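For the sequence shown, my numbering begins at 2 and goes up steadily by one.
In this text, a Cβ means the ideal position worked out from N, Cα and C, and glycines have one as well.
Computed from a predicted model, the values in this text were never measured in an experiment.
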Amino acid sequence: MIYDLFKFAAFKLDPETIHHFSIKGLSYFPLASNLFGSSSLDEKYKVSIGELDWSFPVGLAAGLDKNGEALEFFSRLPFGAIEVGTVTPKAQAGNERPRLFRYPEEKSLRNRMGFNNDGADALEKKVANY
2 MIYDLFKFAA FKLDPETIHH FSIKGLSYFP LASNLFGSSS LDEKYKVSIG ELDWSFPVGL
62 AAGLDKNGEA LEFFSRLPFG AIEVGTVTPK AQAGNERPRL FRYPEEKSLR NRMGFNNDGA
122 DALEKKVANY
């Protein structure tokens, strides 16, 4: 129900604009993660590979939260790992807009963002402060 309402509203906006607003909103309201249930998981989901121990076999890949803005929100979800960024040494604007395209019939997006991000130093500070 919540997703259907969000999707209805989100699809009225440009995909990159709603992505930006979503990440900002999640950064301001990390407790919204409670809508998705508990972050505690059953031991049966635990996975160990080499020296890595994950509480769940699914991780959040880089690119969704390029600048580490919603770390608190995502860390409250039951991901086994969280990777933030798509970061370059220095901040860069990326490709010109439009650069994110919806394909509703395929339930997919095409991304040609071009590594827009605030740079490695800015991301390091956010991660360190978290």
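From this set, K126, R111 and G95, which residue's C-alpha is nearest N118's C-alpha?
-> Here residue 118 is taken as the residue at index 117 of the sequence shown, counted from 1. If we check each option's Cα against that of N118, G95 comes out closest.
Residues in its own chain within less than 6 Å of E70 by CB, not counting five upstream and five downstream?
-> Counting from one through the sequence shown, the residue named residue 70 turns up at place 69. Excluding sequence positions up to five before and after E70, its CB lies within less than 6 Å of the CB of I24 and S28, all in the same chain and listed in chain order.
Specify, as a first and last residue, the run of the alpha helix (DSSP H) that Y29 falls within.
-> In the sequence shown, the residue the question calls residue 29 occupies position 28. Taken as a continuous stretch (DSSP letters only), the alpha helix (DSSP H) holding Y29 covers P16 to Y29.
Could you name the residues of the same chain whose beta carbon sits closer than 6 Å to that of F74, not counting the 5 residues immediately before and after it, in chain order?
-> Residue numbering aside, residue 74 sits at position 73 when the sequence shown is read from its first letter. Same-chain partners within the cutoff: L27, P31 and S34.
Separation of D5 from G60, as counted between CA atoms = Working through the sequence shown from its first residue, we reach residue 60 at position 59. Working through the sequence shown from its first residue, we reach residue 5 at position 4. Each residue's alpha carbon lies about 24 Å from the other.
E97 versus K108 - alpha carbon distance = Within the sequence shown, numbered from 1, the residue matching residue 97 stands at position 96. Within the sequence shown, numbered from 1, the residue matching residue 108 stands at position 107. Roughly 24 Å between the two C-alpha positions.
Nearest to F22 (by Cα), restricted to the options D66, Y46 and R113 | Position 21 of the sequence shown holds residue 22. The residue with the shortest Cα to Cα distance from F22 is D66.
How would you label N68, buried or exposed, when you count the other beta carbons within 10 angstroms and need 16 or more for buried?
-> As a working note, residue 68 is residue 67 in the sequence shown. Under a 10 Å Cβ-count criterion, N68 is classified as buried, with 16 or more other Cβ atoms of the shown protein chains found around its own Cβ.
Under 7 Å Cβ to Cβ from F37, same chain only, skipping five residues before and after it: list those, please.
-> As a first step, residue 37 is located in the sequence shown; it is residue number 36 there, counting from the start. Result list for F37: L78, in chain order.
In chain order, which beta strand (DSSP E) runs of at least 3 residues are fully inside the segment 49 to 106?
-> 53 to 55 and 101 to 104
If you draw a straight line from the alpha carbon of M114 to that of S49, how long is it in whole angstroms?
-> In the sequence shown, counting from the first residue as 1, residue 114 sits at position 113. In the sequence shown, counting from the first residue as 1, residue 49 sits at position 48. Approximately 34 Å between the Cα atoms of the pair.
Endpoints, alpha helix (DSSP H) assigned at L124 = Here residue 124 refers to the residue found at position 123 of the sequence shown. Where L124 is concerned, the enclosing alpha helix (DSSP H) stretches over A121 to N130.
Pick helix, strand or coil for L32, following the three-state DSSP scheme.
-> Here residue 32 refers to the residue found at position 31 when the sequence shown is read from its first residue. Residue state, collapsed to three classes: helix.
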